[in-house]
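Student: Numbering (UniProt numbering), first residue to last: 1 to 277. C-beta atoms are modelled at their ideal positions from N, C-alpha and C, and glycine is treated no differently. My questions all concern the structure below.
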Amino acid sequence: MQSCLPCLKDLLGAPDRTKTDNSDPARSNTGDTMKKRRPKIGIVSQFKTTLLGSWVDVLLVCVPVGFALRYTHANGYAVFIVNFLAIISLAAMLSFATEELALYTGETLGGLLNASFGNATELIVSIIALAQNKILILQTSLIGSMRSNSLLVLGMCFSFGGINRLVQHFNVAVAQTASSMLAVLIGSLIIPTAFQRLGNNPAGGVAPISRGTAIILLLVYFAYLIFQLKTHVEIYNTLSQRNKKNRRSTRENGGTLMGIARIGAGTAASADITGPD
Numbered sequence: 001m002q003s004c005l006p007c008l009k010d011l012l013g014a015p016d017r018t019k020t021d022n023s024d025p026a027r028s029n030t031g032d033t034m035k036k037r038r039p040k041i042g043i044v045s046q047f048k049t050t051l052l053g054s055w056v057d058v059l060l061v062c063v064p065v066g067f068a069l070r071y072t073h074a075n076g077y078a079v080f081i082v083n084f085l086a087i088i089s090l091a092a093m094l095s096f097a098t099e100e101l102a103l104y105t106g107e108t109l110g111g112l113l114n115a116s117f118g119n120a121t122e123l124i125v126s127i128i129a130l131a132q133n134k135i136l137i138l139q140t141s142l143i144g145s146m147r148s149n150s151l152l153v154l155g156m157c158f159s160f161g162g163i164n165r166l167v168q169h170f171n172v173a174v175a176q177t178a179s180s181m182l183a184v185l186i187g188s189l190i191i192p193t194a195f196q197r198l199g200n201n202p203a204g205g206v207a208p209i210s211r212g213t214a215i216i217l218l219l220v221y222f223a224y225l226i227f228q229l230k231t232h233v234e235i236y237n238t239l240s241q242r243n244k245k246n247r248r249s250t251r252e253n254g255g256t257l258m259g260i261a262r263i264g265a266g267t268a269a270s271a272d273i274t275g276p277d
């Protein structure tokens, strides 16, 4: 029966599906063109894109110079200025690596990555300043970060989002959740300050209240993660109007660059904080 199948197919004029048809030149040319349009991205090209992709990357030269000035006990102001410039370039590299990782995780988790690791430089500076008892630098860093995110970034979003647009559309549920989180944060800052200013408690009596509010903020943040990533995922999975960005690096390269940027930013921040002394 199997030997009669080719004969029956020839008589009926049916195509032989058991054989691969490679006689179509258009199809073969299309396949070759698709293969040519997918160039392989190597490690060298990835690092070249990362290290030479912006004019801010020129400041990466300040990273080894800042290390050298710090460990040769140079002038404190020179150490501070050079390491400050190094932190700017490393923060830009960290932001780039976070955006590259966000391309593979989706819009919801990508936004969470940007929100979490976007402030990694400020977090590193704050931890090092707190460990070295530099309270004034810590307060200045926190106030500057809060004002820039709540005023400068928000105002730029309104300004650039309103270009060529009469009405801006946004997710109301997400905005209400973020507003609730902001209200909890403001309350956690006001309560310890009010106890210290209005009460008769000494300065040491405010420390337990401040630590308690910090623990509550951590619990609220973890609850927000569960809300965003598990229980109410459909609220955040809205269709995006943005065009897909070109993937300039791989997921592994983005994670590696993020680790390098965080280590470099931590070391530069340590030298930067101790520099003014």
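When you compare the region 95-105 with the region 126-141, are there three or more beta-carbon pairs, one atom per stretch, that lie closer than 8 angstroms?
Tutor: In short, these stretches do not touch, since the Cβ pair count stays below three.
Student: Are at least three pairs of beta-carbons, each pair with one atom in the region 177-192 and one in the region 206-217, less than 8 angstroms apart?
Tutor: yes
Student: Secondary structure at Lys230, three-state DSSP: helix, strand or coil?
Tutor: helix
Student: So, helix, strand or coil for Gly212, using DSSP?
Tutor: helix
Student: Less than 9 angstroms between the C-beta atoms of Val174 and Ile235, yes or no?
Tutor: yes
Student: Comparing the CB of Ala223 with every heavy atom of the ligand FMN, is any distance shorter than 8 angstroms?
Tutor: Absent from the structure shown: the ligand FMN. Ligands present: none.
Student: Just how far apart, CA to CA, sit Ser179 and Ser141?
Tutor: Between the C-alpha atoms of Ser179 and Ser141 there is a straight-line separation of about 23 angstroms.
Student: Return the chain-ordered list of same chain residues with a C-beta closer than 6 angstroms to the C-beta of Ser126, the five sequence neighbours on each side being excluded.
Tutor: Leu138 and Ser141
Student: Using CA coordinates, which residue listed in Ile87, Tyr77, Thr72 and Ala78 is at the minimum distance from Val58?
Tutor: Among Ile87, Tyr77, Thr72 and Ala78, the Cα nearest to that of Val58 belongs to Ile87.
Student: Taking the alpha-carbon positions, what's the Ala78 to Gln196 distance?
Tutor: Cα to Cα, Ala78 sits roughly 38 angstroms from Gln196.
Student: Excluding the 5 residues preceding and the 5 following Arg247 in the sequence, name in chain order all residues of the same chain whose CB lies nearer than 7 angstroms to its CB.
Tutor: For Arg247, the predicted model reports a pLDDT of 43, less than 50, meaning its position is unreliable; a value from the coordinates is still stated below. Only Leu103 meet the Cβ criterion.
Student: For Gln168, name the three-state secondary structure that DSSP assigns.
Tutor: coil
Student: Nearest to Phe227 by alpha carbon, out of Phe84, Ser54, Leu69 and Met181?
Tutor: Met181
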